[in-house]
Amino acid sequence: MSIIADKKLPAILDLEKENIFVMDFTRAQSQDIRPLRIAVLNLMPDKVTTETQLLRLIGNTPLQVEPVLLRVDTYNPKNTDPKHLKSFYKTFDEVLAKKIKFDALIVTGAPVEKLDFGEVKYWQELSRILDWAAHNVYSSLYICWAAQAALYYHYDINKAELPEKIFGIFNHKVLCKNNPLVRGFDDTFKAPHSRYTEVEREKLAAHPDLDILAVSDEAGLFLAASKDLRRVFMFGHGEYDAETLHREYVRDCAKGLNTAPPKHYYAPDKTIPLSWRAHGSLLFANWLNYCVYQGTPYDINTII
């Protein structure tokens, strides 16, 4: 269907070039449809790039979606123009003041993996958001570091630092084929990873309220969820563009970090084949359809 958003948002201009339909608020209000209201808590330094990646995937479904961009108020990103944040983002306190409820929530990764959770500047604010989401959001999707943070906060499952960065495009296998989140998936699929920490598979498997849905022999966990599908954990980055890992590698090298080139990423001729977009799109479509649209109440204010 479409994304409902302010057409001045830079990400929207890029998506329209890809023929992803965007509807303005006036036209949306003239239709007798309640769009899915999705909060996107963007913790990544490059806000605009992440907006484009996520809106591309949530806009690639038959559903009408109204994204609301959120930021933490306890940390000011250095790589995003403050005018952009003021124009297009809300703080959590603004959402609380208006008593807004959401069909869904997406929380992105963040470059803070090596810190203990309590050392992260916005941990207290994020903890408040996780508490709030439990009663004001129907289904939440946590990506990479956010997946680790949510597992720690809700289930007391901590992360562990790896001897080297998991970095590249890895093969995965589906473990729970009857779960709606992986409906239509091939038995094996590719996805990017970029992280210094992991959640041990054994700890997650031992929890009675959680299911492991997809793993990589080389990169570890990729997808897990609570049994009621109200919380979904993606440990990789199905939303990444073709060149995202390349930009990260160049950045790491510029910082003098001893980062190896991303594995299984560059073709022999140094081009970058995009081999994960289809399954990334399917995962987001399945989540929006089966975990959000078919579960959330029509009267969004009755979410408990």
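Numbering (the numbering used here), first residue to last: 207 to 510. Glycine included, each C-beta is placed from N, C-alpha and C at the ideal position.
query	result
Do we get a CB-CB distance below 9 Å when we pair residue 389 with the residues of chain D?	Note that chain D does not occur in the displayed structure, where there is just one protein chain.
Check residue 254 in the structure and name its three-state DSSP category.	helix
With H, G and I counted as helix, E and B as strand and the rest as coil, what does DSSP make of residue 235?	With a pLDDT of 48 at residue 235, under the threshold of 50, the modelled position of that residue is not reliable, and no figure is offered here.
For residue 259, count the other beta carbons within 10 Å of its own beta carbon; 16 or more makes it buried, fewer makes it exposed. Which is it?	buried
Along the chain, where does the beta strand (DSSP E) that runs through residue 243 open and close?	242 to 247
DSSP state of residue 444, grouped into three classes?	coil
Report the option in 262, 244 and 257 whose CA atom is closest to the CA atom of residue 483.	262
With burial defined as no fewer than 16 other Cβ atoms inside 10 Å of the residue's Cβ, what is the status of residue 218: buried or exposed?	buried
Report buried or exposed for residue 235, applying the criterion of at least 16 other Cβ atoms within 10 angstroms of its Cβ.	Because the pLDDT of residue 235 is 48, which lies under 50, any placement of that residue in the model is unreliable, and the number read from its coordinates should be weighed accordingly. Flag for residue 235 reads exposed.
For a minimum of 4 consecutive residues, which ranges assigned as the alpha helix (DSSP H) are wholly contained in the region 370 to 436?	407 to 411
Can you round the beta-carbon distance between residue 421 and residue 378 to whole angstroms, since I take them to be within the 8 Å contact cut?	6 Å
By the three-class DSSP mapping on this structure, what secondary structure does residue 289 have?	helix
Could you tell me the alpha carbon to alpha carbon distance between residue 464 and residue 303, rounded to whole angstroms?	45 Å
Determine the direct distance from the alpha carbon of residue 408 to that of residue 214, and round the result to whole angstroms.	46 Å
Distance check for residue 289 and residue 380, CA to CA, integer angstroms please.	43 Å
Which class does residue 504 belong to by DSSP, given the choice of helix, strand or coil?	coil
Which of the three DSSP states is assigned to residue 449 in this structure?	coil
Pull up the DSSP beta-bridge partners for residue 272, would you.	243
Does the distance from the C-beta atom of residue 499 to that of residue 249 stay below 9 Å?	no
Please classify residue 445 as buried or exposed, where buried requires at least 16 other C-beta atoms within 10 Å of its C-beta.	buried
When we look at the beta-carbon of residue 237 and count the other beta-carbons within 10 Å, is it buried (16 or more) or exposed?	Unreliable positioning characterises residue 237 in this predicted model, as indicated by a pLDDT of 44, which lies under 50. The coordinate reading is nonetheless provided below. With fewer than 16 Cβ atoms within 10 Å of its Cβ, residue 237 is classed as exposed.
Quick check: the Cα distance between residue 447 and residue 284, rounded to an integer number of angstroms?	22 Å
Opposite residue 267 in the DSSP bridges: which residues?	Answer is none; residue 267 lacks a bridge partner.
DSSP three-state call for residue 353: helix, strand or coil?	helix
For the structure I just gave you, are there three or more beta carbon pairs, one from the region 303 to 316 and one from the region 339 to 354, closer than 8 Å?	yes
When the Cα of residue 470 is compared with those of 480, 376 and 296, which residue comes out closest?	376
Please indicate yes or no: does the CB of residue 242 lie closer than 8 Å to some heavy atom of the ligand GTP?	Of ligands this structure carries none, so the ligand GTP is not represented either.
Drop a sphere of 10 angstroms on the beta-carbon of residue 367, count the other beta-carbons inside from all chains shown, and report buried for 16 or more, exposed for fewer.	exposed
Checking the sheet assignment: what are the DSSP bridge partners for residue 312?	246 and 347
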